[in-house]
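Colleague:
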Amino acid sequence: MLRLGLIVAAMIIAVDQVSKMYLIDLMARYPHGIEVTSFFNLVMVWNRGVSFGMFAGDNMRWILVAVAVVISIVVFFWLRKATNRMLSIGLGLVLGGAIGNIIDRIRFGAVADFFDFDLIFMRWPAFNVADMAIVVGVIVILFENLFQGHNSDKLSA
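Those letters in the sequence shown? Residues -6 to 150, by my numbering.
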C-alpha cells in the first residue's frame, strides 16, 4: 500500500508543478485573467497564507513550510501503516498536494493559485491542483474511515 500511495503522491506533485509552470507563464501574458466560462476564470493569485489567505504575514513563510513538512511526515507515516487501497490513495493525494504547495512556498514564497469559480451563491477562493488533491484526499480518507474502516472492524470482531 505504501508504493501505491507514493505513486499517487508523485503523480500529484508532477501534475501540480507542470500545471503551475504552464499557468504562471500563461498568466504573465494575461495579467487580468482569462474568462473560460461565465462562472470559471483563470487568474494569477499568490497566496502567502493558508486557506482563504489566513496567516499571510510576511514572516509566516517558513513557519507555514515547517508546519506543512510536519504534516507531510505524519501523513507519510500514516501511509506506511495503510492496509487498503482507498486509504493509500487518499493519503497519497494529501501527501502529494502538501508537497506541491511546499515546493511553491520554498521557490516563490507563496502558493500559486489559478482556478477561480464564481458560483451564483458564492465566489470560491482561487486554488490549484495541489489544493484539489488535498480536498479530494481528505474526502477519500473520511469516506474510508466512515464506511470501509467501520466494515473492516466488524469483520475482524
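Yeah, the Cβ is synthetic: ideal placement off N, Cα and C, and Gly gets one too.
Work out the CA separation of residue 21 and residue 14 for me, nearest whole Å.
Modeller: Locating residue 14 in the sequence shown gives position 21, where the first residue counts as 1. Locating residue 21 in the sequence shown gives position 28, where the first residue counts as 1. Approximately 11 Å, taken between the alpha carbons.
Colleague: Would you call the segment 115 to 123 and the segment 55 to 62 in contact, with 3 or more CB pairs under 8 Å?
Modeller: Contact fails: fewer than three Cβ-Cβ distances are below 8 Å.
Colleague: Taking all protein chains shown into account, do 16 or more other C-beta atoms lie within 10 angstroms of the C-beta of residue 113, making it buried, or fewer, making it exposed?
Modeller: As a working mapping, residue 113 is identified with position 120 in the sequence shown. Per the 10 Å Cβ criterion, exposed.
Colleague: Need the endpoints of the alpha helix (DSSP H) that residue 94 sits in, please.
Modeller: Stepping through the sequence shown from its first residue, residue 94 is reached at position 101. Residues 78 to 101.
Colleague: Quick check on the DSSP output: the beta strand (DSSP E) that includes residue 37 runs from which residue to which?
Modeller: Along the sequence shown, read from residue 1 onward, the residue named residue 37 stands at position 44. Unbroken beta strand (DSSP E) run through residue 37: 33 to 40.
Colleague: So the alpha helix (DSSP H) residue 21 belongs to, where does it begin and stop?
Modeller: Residue 21 sits at position 28 when you count from the first residue of the sequence shown. Per DSSP, residue 21 belongs to the alpha helix (DSSP H) from -5 to 22.
Colleague: Helix or strand or just coil, what does DSSP make of residue 114?
Modeller: As a working mapping, residue 114 is identified with position 121 in the sequence shown. Coil.
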